[in-house]
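Report on the following structure.
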Amino acid sequence: MPSRSFGRISITLPDLTGGYLSNTSTLESGRGIVQEFAYADADLRDLDLANTRLLTGRVTNLRASRVRMDEVRVDSVEFTDCDLGNLQWVDSRLSRVVFRNCKIMGGNYNGLTLDNVLFDHCKLNYSTFEKLRTTGPLAFTDCVLTESAFNGCDLTAAVFDGCSLRDTEFGRGTYRATDLRGNDLSMLRGIGNLTKVIIDRPQQIELAQALMAELEVTFGDDLDGPGSRRTP
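The opening position of the sequence shown corresponds to residue 45 in our numbering, with each subsequent residue numbered one higher.
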């Protein structure tokens, strides 16, 4: 199985090098299973999948204005150059899944279980991640997560590497050994919830800046007018 390493974790990737994938014109199936498939260059208004299994395949250059995934099991699948608008992905399990160069703005991920999942060079701005649970490695590398939010998530040992985390909020959750090295942390929100994360020593200053911004701290010398003196 191919793999990639990030920090202290290694993610097992889909093995799609055998050349046995069959072209398909839809991700829907009467049997509820789409297997060993290649799905490419689709331009859809709506994509709505429920109680479906996507097993061993590649989705390339899919554009959809509205996407709804409900109880969808995805195993050994790679999504590349996809634009998934108004994504609602709930109560699903993803294992050995890669999202590469995808645009998923304002997505809502709720109740997902993730095992060996990689988001690579993706635009995930304004997304909401709720009640995610990692049972295996998870990595976000070179992703944009501007004004995204994580709430009630278990991101144990997850890795964020080279990501844009401007106004990204980490709400209550589990972040034991979440690796935040290699990111600018100065504009994070929810600093008080990030207990037991991994950072580099120079990032202490960035966390302090984020904390002061969150606390709306005012420096005394900014309040003192020119020539004013403090009484001892």
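Ideal Cβ placement from N, Cα and C applies to all residues, glycine included.
Problem set entry | Where LEU251 sits in the DSSP three-state scheme | As a working mapping, residue 251 is identified with position 207 in the sequence shown. DSSP places LEU251 in helix when its eight states are reduced to three.
For this session: Have a look at PRO181, LEU88, ASP198 and ASN227 and flag the residue whose alpha-carbon is nearest the alpha-carbon of VAL188.
Result: Locating residue 188 in the sequence shown gives position 144, where the first residue counts as 1. Selected option, being the one with the closest Cα: ASN227.
Exercise. Taking the beta strand (DSSP E) that LEU131 falls in, what are its first and last residues?
Worked result: Within the sequence shown, numbered from 1, the residue matching residue 131 stands at position 87. Note, LEU131: beta strand (DSSP E), 131-134.
Exercise. Apart from the five residues just before and just after GLY234, which ones in its own chain have a Cβ nearer than 6 Å to its Cβ?
Worked result: Locating residue 234 in the sequence shown gives position 190, counting from the first residue. Excluding the 5 residues flanking it on each side, GLY234 has same chain C-beta neighbours closer than 6 Å at GLU213, PHE214 and GLY215, in chain order.
Problem set entry | Inside the stretch 183-234 only - beta strand (DSSP E) runs reaching at least 3 residues | 193-195 and 203-205
Problem set entry | Host alpha helix (DSSP H) of LEU267 (start-end) | In the sequence shown, the residue the question calls residue 267 occupies position 223. Note, LEU267: alpha helix (DSSP H), 264-267.
Problem set entry | Same chain, Cβ closer than 6 Å to VAL161, five either side skipped, listed in chain order | On the sequence shown, residue 161 is found 117 positions in, with the first residue counted as 1. Correct list, in chain order: LEU138, VAL141 and LEU182.
For this session: Might you give, ordered along the chain, the residues of its own chain that have their beta carbon closer than 8 Å to the beta carbon of SER109, omitting 5 neighbours on each side?
Result: Counting from one through the sequence shown, the residue named residue 109 turns up at place 65. These residues qualify, in order along the chain: LEU88, ARG89, ASP90, GLY129 and ASN130.
Exercise. Is GLY151 near VAL134, with beta carbons less than 7 Å apart?
Worked result: In the sequence shown, the residue the question calls residue 151 occupies position 107. In the sequence shown, the residue the question calls residue 134 occupies position 90. Not closer than 7 Å, so no.
Problem set entry | Whole-number beta carbon distance between GLN253 and SER230, since they are thought to touch under 8 Å | Start at 1 with the first residue of the sequence shown, and residue 230 comes out as number 186. Start at 1 with the first residue of the sequence shown, and residue 253 comes out as number 209. Going by Cβ atoms, the distance from SER230 to GLN253 rounds to 4 Å, so yes, they are a contact pair.
For this session: Identify, in the order they occur along the chain, each residue of the same chain with its Cβ nearer than 7 Å to the Cβ of ASP127, setting aside the five sequence neighbours on each side.
Result: For the purposes of this step, residue 127 is taken as residue 83 along the sequence shown, with counting starting at 1. If we look at ASP127 and ignore the five residues flanking it on each side, its Cβ neighbours are ARG107 and LYS147.
For this session: Indicate the three-state DSSP secondary structure (helix, strand or coil) for MET256 in the structure shown.
Result: As a working mapping, residue 256 is identified with position 212 in the sequence shown. Three-state result, MET256: helix.
Problem set entry | Under 7 Å between C-beta atoms of SER120 and THR100 | Translated into the one-based positions of the sequence shown, residue 120 becomes position 76. Translated into the one-based positions of the sequence shown, residue 100 becomes position 56. In contact: SER120 and THR100 (Cβ atoms closer than 7 Å).
Exercise. Can you tell which of LEU224, THR262 and GLY236 has its C-alpha closest to the C-alpha of ARG245?
Worked result: Stepping through the sequence shown from its first residue, residue 245 is reached at position 201. Among LEU224, THR262 and GLY236, the Cα nearest to that of ARG245 is on LEU224.
Exercise. Does the separation of the CB atoms of ILE221 and ALA201 fall below 7 Å?
Worked result: In the sequence shown, the residue the question calls residue 221 occupies position 177. In the sequence shown, the residue the question calls residue 201 occupies position 157. The identity of residue 221 in the sequence shown is Ala, whereas the question assumes Ile. Contact: yes.
Exercise. Taking just the CA atoms, how far does ASP59 sit from PRO46?
Worked result: In the sequence shown, residue 46 corresponds to position 2, counting from 1. In the sequence shown, residue 59 corresponds to position 15, counting from 1. Each residue's alpha carbon lies about 6 Å from the other.
Problem set entry | Boundaries (first-last residue) of the beta strand (DSSP E) holding ASP59 | As a position in the sequence shown, residue 59 is number 15, starting the count at 1. Here ASP59 belongs to no beta strand (DSSP E), and DSSP marks it neither H nor E.
Exercise. So the beta strand (DSSP E) SER120 belongs to, where does it begin and stop?
Worked result: Locating residue 120 in the sequence shown gives position 76, where the first residue counts as 1. Start and end: 107-124.
Exercise. With respect to the beta strand (DSSP E) encompassing ARG97, which residues constitute its N-terminal and C-terminal limits?
Worked result: In the sequence shown, residue 97 corresponds to position 53, counting from 1. In the DSSP assignment, ARG97 falls within the beta strand (DSSP E) that extends over 87-104.
Problem set entry | Residues sharing a beta bridge with ARG315, DSSP | Nothing in the structure corresponds to residue 315, since the chain is present only between 45 and 276.
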